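K.L.:
Pasting a structure below so you can have a look.
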Amino acid sequence: MSGASRLAALLRLWQLGPLTPVAETRSSRIYRCDSPQGPAALKLLTEAGAEERRGATALRHWQGHAAARLYAEAPGAMLLEWLPGPPLGDRVRTHGDAGTFPALAALIHRLHHAPSSLVPENPREGAAGAGGRQPPSDAATLAPLLPLQDMFAPLLTSQAAHLARPRAIARRLLSAPRPPVVLHGDLHHDNIIETPEGWRAIDPKGLIGDPGFEAANLFRNPVGRRDLALAPARIEALARALAPEEPGRPIAWAIALCGISQIWNAGTPHDDGIDAEMASALAAVLADVPKGQEWA
484 MSGASRLAAL LRLWQLGPLT PVAETRSSRI YRCDSPQGPA ALKLLTEAGA
534 EERRGATALR HWQGHAAARL YAEAPGAMLL EWLPGPPLGD RVRTHGDAGT
584 FPALAALIHR LHHAPSSLVP ENPREGAAGA GGRQPPSDAA TLAPLLPLQD
634 MFAPLLTSQA AHLARPRAIA RRLLSAPRPP VVLHGDLHHD NIIETPEGWR
684 AIDPKGLIGD PGFEAANLFR NPVGRRDLAL APARIEALAR ALAPEEPGRP
734 IAWAIALCGI SQIWNAGTPH DDGIDAEMAS ALAAVLADVP KGQEWA
């Protein structure tokens, strides 16, 4: 089926109104449209965007609780709730972090405590087909979630000397996981929309594992405010807001993420040195926060 025929078929299937192009990336094309459920976003996946199907599984799990609703899914396409409002990144880039840390912690708590029948039982088994509970039968065709252990595999097996610290930290974290939850996996300021009903997340990657990982991307964001990301006081304040009793844990996860990101971004336009610089800044703070030494 040609692209035009496929699009026409989706318009009929989901009874969609006129399409307005919104964005085009390597992984998808996004249109705004009207649907029987209300204003919607039609997301068409490219071959490079096949992994985004896991995000649909996460959205089905949350059922609109602190995230955009998944209205429908078909092979290579998703129909999503259109969330009105600007991304949080716009505010933070202009005005800084003031007042955002408690709300970020609250958003993560809401995502991880969504009332749903998709309850993960084992971070490796629930998503990769080795045994955890799968989505309910009406969502049986949704893609399985990706375990953190699998996502970090390239870092865990890397022999690169410059990745020694994030590799060691990742191994310690993954060897002592907390009870697993469905993870957004790419929660940063531009994937959080400030809607009239409160902050809600978009574009999840669809992971499963230790809840401490969820905030890792927040430390090195928003894009365009490297000065904020690298500030020691900001790193510590964010960590304490996210995990008051154990602020070292989210920092440790952020260091591990910087390690795997260096592998992903090597040789690409995203290889600008921020991951290595960020890992060093995080490590300096990790050594000084309560319970940070056990991960350092």
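With the sequence shown counted from 1, adding 483 to any position gets you the working numbering. Where is the CB? At the ideal position from N, CA and C, for every residue including glycine. Remember, predicted model here, so these are calculated numbers, not experimental data.
1) Let's see if you can read the secondary structure: which residues bound the alpha helix (DSSP H) around Asp710?
2) Can you tell me which of the three DSSP states Ala586 falls into?
3) Look at the alpha carbon of Gly559 and the alpha carbon of Asp673, and state the distance between them as a whole number of angstroms.
4) Can you give the Cα-Cα distance for Phe702 and Leu721, rounded to whole angstroms?
5) Out of Val772, Met561, Arg537, Glu680, which one is the CA nearest neighbour of Pro569?
6) List the whole-angstrom C-beta distance separating Pro715 from Asp693, where the pair is believed to meet the contact cut-off of C-beta under 8 angstroms.
7) Looking at C-alpha atoms only, which residue of Glu556, Ala737, Arg683 is the closest neighbour of Pro649?
8) Got a sec, what are the start and stop residues for the alpha helix (DSSP H) Asp573 sits in?
9) Return the CA-CA distance between His578 and Asp710, expressed in angstroms with no decimal places.
10) Put Thr503 into one of helix, strand or coil per three-state DSSP.
11) DSSP on Thr640, reduced to helix/strand/coil?
12) Take Leu638 and list the residues in its own chain whose beta-carbon comes closer than 8 angstroms to its own, dropping the five residues that flank it on each side.
13) Using C-beta distances below 7 angstroms, list every residue in its chain close to Ser763, excluding the 5 sequence neighbours before and after it, in chain order.
14) What whole-angstrom Cβ distance do Ala735 and Leu769 have, given they're in contact under 8 angstroms?
15) Enumerate in chain order the residues of its own chain whose CB-to-CB distance from Leu502 is below 6 angstroms, with the five nearest sequence positions on each side excluded.
16) Where do the N-terminal and C-terminal ends of the alpha helix (DSSP H) with Pro649 fall, by residue?
17) At which residues does the beta strand (DSSP E) containing Thr678 begin and terminate?
18) Taking the alpha carbon of Ala759 as the reference point, which residue from Gly572, Asp580, Ala644 has its own alpha carbon closest?
P.N.:
Quick look at the numbers:
1) 709–713
2) helix
3) 23 angstroms
4) 8 angstroms
5) Glu680
6) Actually they do not touch by this definition, with Cβ atoms about 25 angstroms apart.
7) Ala737
8) 571–578
9) 13 angstroms
10) strand
11) coil
12) Leu646, Pro649, Arg650, Ala653, Ala739, Gly742, Ile743, Ile746
13) Leaving aside the five residues that flank Ser763 on each side, none in its chain has a CB nearer than 7 angstroms to its CB.
14) 6 angstroms
15) Answer for Leu502: Tyr514, Cys516, listed in chain order.
16) 647–658
17) Membership of Thr678 in the beta strand (DSSP E) is indicated by the continuous run 675–678.
18) Ala644
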